[in-house]
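Chains as they are written, first to last, in my numbering: chain X, 65 to 398; chain C, 65 to 398. Glycine is no exception: its CB is placed at the ideal position from the N, C-alpha and C atoms. What you are looking at is a predicted structure, and each value in this text was computed from that prediction instead of being measured. The structure under discussion appears below in the form of structure tokens.
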């Protein structure tokens, strides 16, 4: 540590098609000085999420990213100097200050976290991605014991948690992932009942074989062909949790939508429902406590894939869209 | 009346593209004789519904229609001979015995209706289509006073009821219909706040102008371009009631699905939910009583478009897909 400068990755320009190194620009600037009401935070871990790419596509649940500004992203950091009430040097905080070593932020943009918890858990499994899985599956999907729960991008940060929580809820759990290695890992290590390699072709047929009783809850992280196949396999009154559309984020031209909408939605009385984890933050404490206990008891494996060094953030994000990660991908900064 | 024969329209063969006269075949057979437990019913009114066409496309919430059998369809009839407990000559009943003068049916396939109610109301506004509008809007869409409710095929059987019920619920009501005449009728006669001619082009822009505060509930009878436009205009946590997909029923090759699914479903936290009116039949009595009162009080106009003569049923159904009807289209048989 001890950089004299604040190293930053700027969001340089909107990508055409896939993001690349030149989507970002490295700069070094002065470390900011906190004003009254602000804390100076040193970044410890950066979260890499498919949503980072979606934010480049236009306004979503937040404004589109603006070229020339520091690349946005969820982060965990340590307060190094505080002029903010309620925050002290050494506190561990989370926020969305993005890809840089330091940020001076008002207290309302920071949430204090447990200083004793491992940063690897705070950056995902016990934070955004764990909560996304918890609330999305349980509150939007509402699985019952005996249900078949299908989840796409099952080897990813959210998917790996969804599958394990669904298993705890008494469900039969099927995941999709890219490549047989990941599929074997899902069944051998994470307790999935079955896993389907969506890159191997004939996705619908493979899913039909893996879900002989149909699908009651589909947790959709990907959109695309897996969503189309899942729609055709849904049981009457099935629920589709619309969490992400990662198959369509890092492309030049998004594919058409699923043919089965709205036809099968009507005939099967399906419910498709979108959510954002922040919608449930008033109940965050309850969920964090349960997730922490499940992880501590070994009932859920918190899978984190840490890349070292802020300088490697662009490559690590690019790799996320190439499926290089297992579980939560994060960058250790300081 | 007094036919010596049972006139029937058979479903002759699956249409390629649009249905035509040769989708059906006219035959005359013997009037059936009811067995023990059955009643002989004489058809009085046939309901024509977009769903009739959807049933030709494959299995839906019912098996696909089988060529060579009597064309299916909801009907109102009069018991002319009863060997069924609880049914007597002169009773008015409803059921799904299709396009024919007579049918012998077991009692469980018949539901008794009020003999004093006009058949024009029993065939739609106080039956399937009225209940579809009532339950779909109120139970699936859950509008609040002040919401903007958009409904497609607003001049049709279901849409005309949805708009009027939404108005009673304190909502701002916008409809789409084919042609300026129908749009003028929606605003002048049915109390819609605005109506958009989807055939005039630039649907999204016209809907945006008609819905300056966005759309809270979209009651989708059509799918297709209006669904795509509505998705882009939905407010946060908006609800889309998936009732039908009529724009895609009478075509050779259905169009791709809406691009905005699942992307906008996630970012706007939308709920798309399908339903079938029969799902709510345990509460049918409550809804029928309210609809009947609203119609009797003049608070809702029950619009019925009656075509005379069983022989005209194919042409009347074909006309439904050409938008020739206003309100509920039915065939008076006897």
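Inset, instruction - Return no unless some Cβ of chain C is closer than 8 Å to the Cβ of residue 65 (chain X). - result: Caution is warranted here: a pLDDT of 47 is assigned to residue 65 (chain X), below 50, making its placement in the model unreliable, and the coordinate value is therefore given only provisionally. No - not a single Cβ of chain C is within 8 Å of the one on residue 65 (chain X).
Inset, instruction - Helix, strand or coil for residue 235 (chain C), going by three-state DSSP, please let me know. - result: coil
Inset, instruction - Quick one: give me the first and last residue of the alpha helix (DSSP H) that residue 244 (chain X) is part of. - result: 244–253
Legend entry - Partners in chain C for residue 324 (chain X), counting only beta-carbon separations shorter than 9 Å: 321
Inset, instruction - Specify, as a first and last residue, the run of the alpha helix (DSSP H) that residue 380 (chain X) falls within. - result: 377–385
Inset, instruction - Check the C-beta distance from residue 304 (chain X) over to residue 336 (chain X) and give it rounded, since I have them as a contact under 8 Å. - result: 4 Å
Inset, instruction - Could you check what DSSP says for residue 285 (chain C) in three-state terms: helix, strand or coil? - result: coil
Inset, instruction - Can you grab the Cα-Cα spacing for the pair residue 458 (chain X) / residue 262 (chain X), in whole Å? - result: Since the first residue shown for chain X is 65 and the last is 398, residue 458 (chain X) is missing from the structure and cannot be characterised.
Inset, instruction - Tell whether a beta-carbon distance below 8 Å holds between residue 241 (chain X) and residue 247 (chain X). - result: yes
Legend entry - Neighbour list for residue 335 (chain C) in chain X, Cβ cutoff strictly below 8 Å: 335, 336, 337 and 338
Inset, instruction - Could you name the residues of chain X that residue 309 (chain C) contacts, counting a contact when the two beta carbons are closer than 8 Å? - result: 326, 327 and 330
Legend entry - residue 106 (chain X) burial status per 10 Å Cβ neighbour count (16 or more: buried): buried
Inset, instruction - To the nearest angstrom, report how far apart residue 277 (chain X) and residue 173 (chain X) are at their CA atoms. - result: 46 Å
Legend entry - Simplified DSSP state of residue 293 (chain X), which is helix, strand or coil: helix
Legend entry - Helix, strand or coil at residue 79 (chain C) according to DSSP, with G and I counted as helix: coil
Inset, instruction - Please list the residues of the segment 273–302 of chain C that have a C-beta atom closer than 7 Å to any C-beta atom in chain X, keeping them in chain order. - result: 284, 287 and 291
Legend entry - Buried or exposed by the 16-neighbour rule on C-beta atoms within 10 Å, applied to residue 332 (chain C): buried
Legend entry - Exposure of residue 393 (chain X), with buried meaning 16 or more beta-carbon neighbours within 10 Å: buried
Inset, instruction - Tell me, to the nearest whole angstrom, how far the beta carbon of residue 324 (chain X) is from that of residue 295 (chain X); I am working on the premise that it is less than 8 Å. - result: 4 Å
Inset, instruction - List the residues of chain C that residue 312 (chain X) touches, going by C-beta distances under 8 Å, in chain order. - result: 327
Legend entry - CA-to-CA distance, residue 103 (chain C) to residue 66 (chain C), given in whole angstroms: Residue confidence for residue 66 (chain C) is low, a pLDDT of 49 falling below 50, so the modelled location carries little weight; the figure read from the coordinates is stated next. C-alpha separation (whole angstroms): 18 Å.
Inset, instruction - Quick one: list the residues of chain C neighbouring residue 318 (chain X), beta-carbon separation under 8 Å, in chain order. - result: 323 and 327
Legend entry - Residue range of the beta strand (DSSP E) that includes residue 115 (chain C): Careful: residue 115 (chain C) lies outside any beta strand (DSSP E), inside the alpha helix (DSSP H) at 114–118.
Legend entry - Span separating the alpha-carbon of residue 156 (chain X) from that of residue 233 (chain C): 50 Å
Inset, instruction - Output yes if chain X places a C-beta closer than 8 Å to the C-beta of residue 124 (chain C); else output no. - result: yes
Inset, instruction - Could you please give the first and the last residue of the uninterrupted beta strand (DSSP E) stretch that includes residue 371 (chain X)? - result: 368–372
Inset, instruction - Would you kindly check if the distance between the Cβ of residue 231 (chain C) and the Cβ of residue 255 (chain C) is under 8 Å? - result: yes
Inset, instruction - Would you kindly report the start and end of the unbroken alpha helix (DSSP H) that includes residue 198 (chain C)? - result: 192–199
Inset, instruction - Please decide whether residue 306 (chain C) counts as near chain X, where near means a Cβ-Cβ distance under 8 Å. - result: yes
Legend entry - DSSP state of residue 314 (chain C) mapped onto helix, strand, coil: coil
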